[in-house]
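Q: Line by line, the protein sequences give chains A and B.
Per my numbering, the very first residue in the first sequence carries number 1; after that it's consecutive.
Per my numbering, the very first residue in the second sequence carries number 518; after that it's consecutive.
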Amino acid sequence: MDLTQPSGTLGSVDDQKDAAAPPGGTLAPQWPTYDPAPFYDELVGSDGTPRPSAEALWNHFAELGPDALAERQLAADREIRALGVTFTVYDGGVGVDRPWPFDIIPRIIPRDQWQIIEAGLVQRLAALNLFIDDCYHDQRAVSAGVVPADLVTGSPNFRRECVGVDPPGGIWAHICGSDLIRDDEGFWYVLEDNLRVPSGVSYLLENRMVTKHIFPEMFRHYSIEPVDPYVGRLASTLASVSPSTGDPTIVVLTPGIHNSAYFEHAFLAQQLGVELVEGSDLVVLDDDCVYARTIDGLEQVDVIYRRVDDLFIDPEVFLPDSLLGVPGLMRAWKSGRVALVNAPGAGIADDKKVYSYVPDIIRFYLEEEPILWTIPTYRCSDPEARARVLNDLANLVVKPANESGGYGVLVGSQATPEELVVAAREIEDEPNRWVAQPIIKLSTAPTLCDDEVAPRHVDLRPFTLMGPDGAYVTRGGLTRVARRKGSLVVNSSQGGGSKDTWVVDSPSDTALAGGPT
Amino acid sequence: MTADLLGTEDVGAEGHEGDRTHRTRPEIGERASGAIDDGTGDLEEGRSGTMLLARMAEAVYWAGRHLERAEGTARIVQVHTDAHVDLPVGEDVGWEPLLAIAGVDSEFAERYQAAAGPEDARAAEEDVIEFLLHGEGNDSSILASMTAARENLRTARPVVPREAWEACNNLWLSSNDLLEEAHSREGRVRWLRRVIAGCQCIHGILLGTMSRDEAMSFLVLGQNIERADLTTRVLDVRSDSLHAPGADDPYDVVHWMAVLRSLAAYQPFRRAMPARPQGGSTLRFLLQDDRFPRAVGACLTEARAQLKVLPHSERAQEACQNASMVVASAPVARLTLGGLSEFLEDVQLALVEIHERVDDTYFRPSFVGWEPTAASR
Numbered sequence: 001m002d003l004t005q006p007s008g009t010l011g012s013v014d015d016q017k018d019a020a021a022p023p024g025g026t027l028a029p030q031w032p033t034y035d036p037a038p039f040y041d042e043l044v045g046s047d048g049t050p051r052p053s054a055e056a057l058w059n060h061f062a063e064l065g066p067d068a069l070a071e072r073q074l075a076a077d078r079e080i081r082a083l084g085v086t087f088t089v090y091d092g093g094v095g096v097d098r099p100w101p102f103d104i105i106p107r108i109i110p111r112d113q114w115q116i117i118e119a120g121l122v123q124r125l126a127a128l129n130l131f132i133d134d135c136y137h138d139q140r141a142v143s144a145g146v147v148p149a150d151l152v153t154g155s156p157n158f159r160r161e162c163v164g165v166d167p168p169g170g171i172w173a174h175i176c177g178s179d180l181i182r183d184d185e186g187f188w189y190v191l192e193d194n195l196r197v198p199s200g201v202s203y204l205l206e207n208r209m210v211t212k213h214i215f216p217e218m219f220r221h222y223s224i225e226p227v228d229p230y231v232g233r234l235a236s237t238l239a240s241v242s243p244s245t246g247d248p249t250i251v252v253l254t255p256g257i258h259n260s261a262y263f264e265h266a267f268l269a270q271q272l273g274v275e276l277v278e279g280s281d282l283v284v285l286d287d288d289c290v291y292a293r294t295i296d297g298l299e300q301v302d303v304i305y306r307r308v309d310d311l312f313i314d315p316e317v318f319l320p321d322s323l324l325g326v327p328g329l330m331r332a333w334k335s336g337r338v339a340l341v342n343a344p345g346a347g348i349a350d351d352k353k354v355y356s357y358v359p360d361i362i363r364f365y366l367e368e369e370p371i372l373w374t375i376p377t378y379r380c381s382d383p384e385a386r387a388r389v390l391n392d393l394a395n396l397v398v399k400p401a402n403e404s405g406g407y408g409v410l411v412g413s414q415a416t417p418e419e420l421v422v423a424a425r426e427i428e429d430e431p432n433r434w435v436a437q438p439i440i441k442l443s444t445a446p447t448l449c450d451d452e453v454a455p456r457h458v459d460l461r462p463f464t465l466m467g468p469d470g471a472y473v474t475r476g477g478l479t480r481v482a483r484r485k486g487s488l489v490v491n492s493s494q495g496g497g498s499k500d501t502w503v504v505d506s507p508s509d510t511a512l513a514g515g516p517t
Numbered sequence: 518m519t520a521d522l523l524g525t526e527d528v529g530a531e532g533h534e535g536d537r538t539h540r541t542r543p544e545i546g547e548r549a550s551g552a553i554d555d556g557t558g559d560l561e562e563g564r565s566g567t568m569l570l571a572r573m574a575e576a577v578y579w580a581g582r583h584l585e586r587a588e589g590t591a592r593i594v595q596v597h598t599d600a601h602v603d604l605p606v607g608e609d610v611g612w613e614p615l616l617a618i619a620g621v622d623s624e625f626a627e628r629y630q631a632a633a634g635p636e637d638a639r640a641a642e643e644d645v646i647e648f649l650l651h652g653e654g655n656d657s658s659i660l661a662s663m664t665a666a667r668e669n670l671r672t673a674r675p676v677v678p679r680e681a682w683e684a685c686n687n688l689w690l691s692s693n694d695l696l697e698e699a700h701s702r703e704g705r706v707r708w709l710r711r712v713i714a715g716c717q718c719i720h721g722i723l724l725g726t727m728s729r730d731e732a733m734s735f736l737v738l739g740q741n742i743e744r745a746d747l748t749t750r751v752l753d754v755r756s757d758s759l760h761a762p763g764a765d766d767p768y769d770v771v772h773w774m775a776v777l778r779s780l781a782a783y784q785p786f787r788r789a790m791p792a793r794p795q796g797g798s799t800l801r802f803l804l805q806d807d808r809f810p811r812a813v814g815a816c817l818t819e820a821r822a823q824l825k826v827l828p829h830s831e832r833a834q835e836a837c838q839n840a841s842m843v844v845a846s847a848p849v850a851r852l853t854l855g856g857l858s859e860f861l862e863d864v865q866l867a868l869v870e871i872h873e874r875v876d877d878t879y880f881r882p883s884f885v886g887w888e889p890t891a892a893s894r
């Protein structure tokens, strides 16, 4: 039986404290019809009153009224347009820049809760880094029977070229953008560990900036953890893996202006104060060093924060047609003359099948119990699990094991009978390609929709940095919101919006569930 | 118009040189002198995080040129509209000169006049204005220039202040949004003013918040080459009416005032020159003045000052010096009698030569500079 058990410590027991919260001082909500049931709502309890951490916000919104709120949303939209905060969507092969979709109602997470999540994310990334390093060395986890050999060497994300390489500090995944969700009881789960080229952090930072301009008064009511320190921590993480002893030369490598995340690449380069390079700006010479074509000739580069996928970074080694990469880059990296962030091959741990083993991976390498929960995952390659999946398809989410960005995901309960038949056939044809999970009833947050405030499903993408000198987690993360009613799709490429996320110094309204600590 | 991006108070060549040496960039100086053979020590010295990608340099250079072109074209259209109103019907010069200044006469003819018959030879105001502001097929229209400036600044975001990009993005958005209003004369004035003010705002942000680094040098360089070019083109169009020596044209002063105004030069001219605006004094001022930022001479002085702080700029500096010499030796008095057009063409060719040498030195894809060898490590 291939079903991992939830194990962890973080969750919530709904509304225990809400019930005890003093009713005085709470104005009647301006939106009496706001009813998130049957879901867990981030700001509002099941009795319709705001959670303690959201009280000040909710009251303020009630005072403002719907018209003023709508006006502020307009002001936010205007600011985002003026700031040029965009993402690119592809419509019939043509990239179109769209203003970044932002909902002004923030999501609030009490700090004591966040501290546990933070510890859980660091624990997870530490274990995943040990796992990646092991994959490219002795494969102890395989010999110890923790993971099957096929999970490693059979993975499309396993890069033979990386075997035996020792990146500084044994860190392969320096930047991780995890996807977290909460179920209908408010329990937190990790949904995905994005270790390849996770994006979204620029929007997290921009969302906060806009919120400061739109609701400056709220910052008097709340002590909100700042998000800005991320850039400084990113800079020091990048510098910490430099192979040179002097001041390192760092660059951000982008696929170019037509990439959907180009805004972010340019933003990060600007914030870090480093050059934004394309593959054609770099050259690897016979000395295995990487140089940038500057106005003063070639200058050596020490650290490359690459936002180009593994398979495109070096046409000498991977896709020979790639124009996005730099011939010889792998050679330079393997010889230790340049650091790549994240390291090539880190994607081995970013895979839905590996995901299902993460609790065991944490126990094996760290000898600790996982702090964050993993969603029980059926691996369809296992005959018993497959039979159960096929039997219960309408109540499961089926996902391709190696895709990201929400592509190819089938939500059984929302699928047509025909779609279910197709999915069943695909699973039987290529069981290895698929995993299935129970449908999690994603939590909701109040969202402005056509001038009314309505519950919409959300997830959360915090970013974790890990270098030889330590780890850092953003305070909060990028909250993505599905803007259509009932929709579970939060990806901005598929019409999702976003919210500012506040980690606040206020009492947690949700108890922390038991389990090993 | 008061923005003085060029720092022309101290335009003496020596003064500039002294000034610029304060922008010490030891890594460039040492590397440019060929110290690479020394090996790793020198490499360390060179890697202090101030490098400028050739591609970024090209982007800021073109951002400088396109911003200047947008602003310059807006000024010219605005002033021409004003002057047009001043002249009696029949005395006016029509709207074609604007096309000539922008260098898009043939593109315009292709689009608008092919359809119209020969009896309709004179270009209609609406058509010319539309073409110059945002006409399809006009790569130098104000809107096209702003779009290009925005794209280049977008590419160069990491090396330009964030606020400058935002201001440019904002100007581009509002110019697009409000394009309709530019169709009436009255709305046009507002639209053009907004463009000019917006460009000035971007310049102001750059001047006030951008480090005087290599990226800034490329931006100012592009701006000054474009400026000099625009000034010669404004003068060139005027050269047609110079061929009648002694002819007493009652509107001569009006025309020369318009020339000065379209380069924002009227007031500076008045302060600098006691004479009333006429051919000789205007030419002398717009070609040879070393203090007015839009005079060709001043543009070249500034361009050369920027080149001086860039590595490997010897050939481009040489071209710049050559252009300065052409301008300085202009026989202004004789030119008012004839040959101005030919002379201005020489100046334009000299400007093209500067551009080509800059392009060749820094932006060509083949450019690799010196290459350290494995032995140097």
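Every residue, glycine too, gets a C-beta built ideally from N, C-alpha and C.
1. Note down, in chain order, every chain A residue with its Cβ under 8 angstroms from the Cβ of residue 821 (chain B).
2. What's the C-alpha gap between residue 629 (chain B) and residue 810 (chain B)?
3. So, for residue 81 (chain A): in the same chain, excluding its five sequence neighbours on each side, which residues have a beta-carbon less than 8 angstroms away from its beta-carbon?
4. So which residues on chain A does residue 679 (chain B) lean against when the C-beta distance must stay under 8 angstroms?
5. Please decide whether residue 304 (chain A) counts as near chain B, where near means a Cβ-Cβ distance under 9 angstroms.
6. Identify the continuous beta strand (DSSP E) that holds residue 528 (chain A) and give its terminal residues.
7. Alpha carbon to alpha carbon, what distance is there between residue 869 (chain B) and residue 743 (chain B)?
8. Give the interface partners of residue 690 (chain B) over in chain A, defined as CB-CB distance under 8 angstroms, in chain order.
9. Any C-beta of chain B sitting closer than 9 angstroms to the C-beta of residue 428 (chain A)?
10. Less than 9 angstroms between CB atoms is the rule here; does residue 583 (chain B) satisfy it with respect to chain A?
11. Go ahead and label residue 522 (chain A) buried or exposed: buried means 16 or more other beta carbons lie within 10 angstroms of its beta carbon, across all protein chains shown.
12. Measuring only the C-alpha atoms, how far is residue 375 (chain A) from residue 310 (chain A)?
13. Can you confirm whether residue 676 (chain B), when its beta carbon is compared against all beta carbons of chain A, has any partner nearer than 9 angstroms?
14. Just checking my contact of residue 770 (chain B) with residue 755 (chain B) at CB under 8 angstroms: how many whole Å lie between their CB atoms?
15. Just to confirm, is the Cβ distance from residue 580 (chain B) to residue 677 (chain B) under 9 angstroms?
16. Can you tell me which of A:378, A:452 and A:457 puts its alpha carbon nearest to the alpha carbon of residue 61 (chain A)?
17. The stretch 283-310 of chain A: which residues have C-beta closer than 8 angstroms to a C-beta of chain B, in chain order?
18. May I ask you to report which of helix, strand or coil DSSP gives residue 521 (chain B)?
19. Contact criterion: CB-CB distance below 9 angstroms. Does residue 24 (chain A) meet it with respect to chain B?
20. Suppose contacts are defined by Cβ-Cβ distances below 9 angstroms. Is residue 461 (chain A) in contact with residue 481 (chain A) by that definition?
21. Please report the Cβ distance between residue 43 (chain A) and residue 117 (chain A), rounded to the nearest whole angstrom; I am assuming they are in contact, meaning their Cβ atoms lie under 8 angstroms.
22. Can residue 86 (chain A) and residue 97 (chain A) be called in contact, C-beta distance under 9 angstroms?
23. Any idea if residue 792 (chain B) is buried or exposed, counting beta-carbon neighbours within 10 angstroms, 16 or more meaning buried?
24. Starting from the N-terminal side, write out each stretch of the beta strand (DSSP E) that is 3 residues or longer and does not extend beyond the stretch 248-319 of chain A.
25. Taking Cβ to Cβ, would you say residue 199 (chain A) is nearer than 9 angstroms to residue 121 (chain A)?
26. For residue 41 (chain A), which beta-bridge partners are listed by DSSP?
27. Candidates B:817, B:824, B:823 and B:726: which alpha carbon is nearest residue 864 (chain B)'s?
28. With a threshold of 9 angstroms between beta carbons, is residue 579 (chain B) in contact with chain A?
29. Using a Cβ cut-off of 7 angstroms, which residues of the stretch 337-351 of chain A contact any Cβ in chain B, in chain order?
30. Rounded to the nearest angstrom, what separates residue 364 (chain A) and residue 431 (chain A) at their Cα positions?
31. Excluding the 5 residues preceding and the 5 following residue 616 (chain B) in the sequence, name in chain order all residues of the same chain whose CB lies nearer than 8 angstroms to its CB.
32. My assumption, with CB atoms under 8 angstroms, is that residue 370 (chain A) sits in contact with residue 359 (chain A). Please give the rounded CB distance.
33. Name the two residues that bound the continuous alpha helix (DSSP H) containing residue 224 (chain A).
34. Check the Cβ of residue 682 (chain B) against every Cβ in chain A and list those closer than 7 angstroms, keeping chain order.
35. Please list the residues of the stretch 134-160 of chain A that have a C-beta atom closer than 7 angstroms to any C-beta atom in chain B, keeping them in chain order.
36. Short of 8 angstroms in beta carbon distance, which residues of its chain neighbour residue 37 (chain A), apart from the five on each side in sequence? Order them along the chain.
A: Concretely, from the data shown:
1. Your numbering for residue 821 (chain B) matches position 304 in the second sequence. The contacting residues do not exist; residue 821 (chain B) stays about 17 angstroms from chain A at best.
2. Here the question's residue 629 (chain B) lines up with position 112 in the second sequence. Here the question's residue 810 (chain B) lines up with position 293 in the second sequence. Each residue's Cα considered, the two are about 36 angstroms apart.
3. Start at 1 with the first residue of the first sequence, and residue 81 (chain A) comes out as number 81. If we look at residue 81 (chain A) and ignore the five residues flanking it on each side, its Cβ neighbours are 99.
4. Start at 1 with the first residue of the second sequence, and residue 679 (chain B) comes out as number 162. Those are 270, listed as they occur along chain A.
5. Within the first sequence, the letter at position 304 stands for residue 304 (chain A). Chain B, which has no Cβ nearer than 9 angstroms to the Cβ of residue 304 (chain A), makes this no.
6. Absent from the model: residue 528 (chain A). The displayed extent of chain A is 1 to 517, so no value can be given.
7. Taking the second sequence and counting its residues from 1, the one referred to as residue 743 (chain B) is at position 226. Taking the second sequence and counting its residues from 1, the one referred to as residue 869 (chain B) is at position 352. In a straight line, the C-alpha of residue 743 (chain B) is about 10 angstroms away from that of residue 869 (chain B).
8. In the second sequence, the residue the question calls residue 690 (chain B) occupies position 173. Simply 81 and 82.
9. Within the first sequence, the letter at position 428 stands for residue 428 (chain A). Chain B, which has no Cβ nearer than 9 angstroms to the Cβ of residue 428 (chain A), makes this no.
10. Locating residue 583 (chain B) in the second sequence gives position 66, counting from the first residue. Output row for residue 583 (chain B): interface = no.
11. Beyond the ends of chain A as shown, which are 1 and 517, falls residue 522 (chain A); an answer cannot be given.
12. Here residue 375 (chain A) corresponds to residue number 375 of the first sequence, with the count starting at 1. Here residue 310 (chain A) corresponds to residue number 310 of the first sequence, with the count starting at 1. Whole-angstrom Cα-Cα distance: 27 angstroms.
13. Reading the second sequence from its first residue, position 159 is the one you call residue 676 (chain B). With 9 angstroms as the cut-off, residue 676 (chain B) counts as an interface residue toward chain A.
14. By one-based count along the second sequence, residue 770 (chain B) stands at place 253. By one-based count along the second sequence, residue 755 (chain B) stands at place 238. In fact, because the Cβ distance is near 13 angstroms, the residues do not count as touching under 8 angstroms.
15. If you number the second sequence from 1, residue 580 (chain B) lands on position 63. If you number the second sequence from 1, residue 677 (chain B) lands on position 160. A contact, by the Cβ cut-off of 9 angstroms.
16. Locating residue 61 (chain A) in the first sequence gives position 61, where the first residue counts as 1. Closest option to residue 61 (chain A), Cα to Cα, is A:452.
17. 283, 285, 286, 287, 289, 291, 292, 293, 294, 295, 296, 297, 298, 299, 300 and 302
18. In the second sequence, residue 521 (chain B) corresponds to position 4, counting from 1. At residue 521 (chain B) the pLDDT is 36, less than 50, meaning the model places this residue with poor confidence and gives no usable figure here.
19. Position 24 of the first sequence, counted from the start, is the residue given in the question as residue 24 (chain A). With a pLDDT of only 40 at residue 24 (chain A), under the threshold of 50, the placement of this residue in the model should not be trusted; the figure read from the coordinates follows. No, no contact with chain B.
20. Position 461 of the first sequence holds residue 461 (chain A). Position 481 of the first sequence holds residue 481 (chain A). No. Outside cutoff.
21. For the purposes of this step, residue 43 (chain A) is taken as residue 43 along the first sequence, with counting starting at 1. For the purposes of this step, residue 117 (chain A) is taken as residue 117 along the first sequence, with counting starting at 1. Not quite, the Cβ-Cβ distance comes to about 18 angstroms (not below 8 angstroms), so this is no contact.
22. Position 86 of the first sequence holds residue 86 (chain A). Position 97 of the first sequence holds residue 97 (chain A). In this structure, residue 97 (chain A) lies closer than 9 angstroms to residue 86 (chain A) by Cβ.
23. Looking up residue 792 (chain B) in the second sequence gives position 275. That one is exposed.
24. 250-253, 275-277, 282-284, 290-294, 297-301 and 303-306
25. Reading the first sequence from its first residue, position 199 is the one you call residue 199 (chain A). Reading the first sequence from its first residue, position 121 is the one you call residue 121 (chain A). No, they are not a contact pair.
26. The count along the first sequence starts at 1 and reaches residue 41 (chain A) at position 41. Answer by DSSP bridge pairing, in chain order: A:444.
27. Within the second sequence, numbered from 1, the residue matching residue 864 (chain B) stands at position 347. Taking only the C-alpha atoms, the option nearest residue 864 (chain B) is B:817.
28. By one-based count along the second sequence, residue 579 (chain B) stands at place 62. By this cut-off, residue 579 (chain B) is not an interface position.
29. none
30. Position 364 of the first sequence, counting from 1, holds the residue named residue 364 (chain A). Position 431 of the first sequence, counting from 1, holds the residue named residue 431 (chain A). If I take the Cα positions, the gap works out to 27 angstroms.
31. Taking the second sequence and counting its residues from 1, one reaches residue 616 (chain B) at position 99. Closer than 8 angstroms at the Cβ level, and outside the excluded window around residue 616 (chain B), lie 622, 625, 640, 645, 648 and 649.
32. By 1-based counting over the first sequence, the position of residue 370 (chain A) is 370. By 1-based counting over the first sequence, the position of residue 359 (chain A) is 359. The pair is a contact, with the Cβ atoms about 5 angstroms apart (cut-off 8 angstroms).
33. Within the first sequence, the letter at position 224 stands for residue 224 (chain A). Neither: residue 224 (chain A) is in no alpha helix (DSSP H) and is coded neither H nor E.
34. What you label residue 682 (chain B) is simply residue 165 of the second sequence in a count that begins at 1. Chain A residues near residue 682 (chain B): 84.
35. none
36. Taking the first sequence and counting its residues from 1, the one referred to as residue 37 (chain A) is at position 37. So the qualifying residues of the chain are 46.
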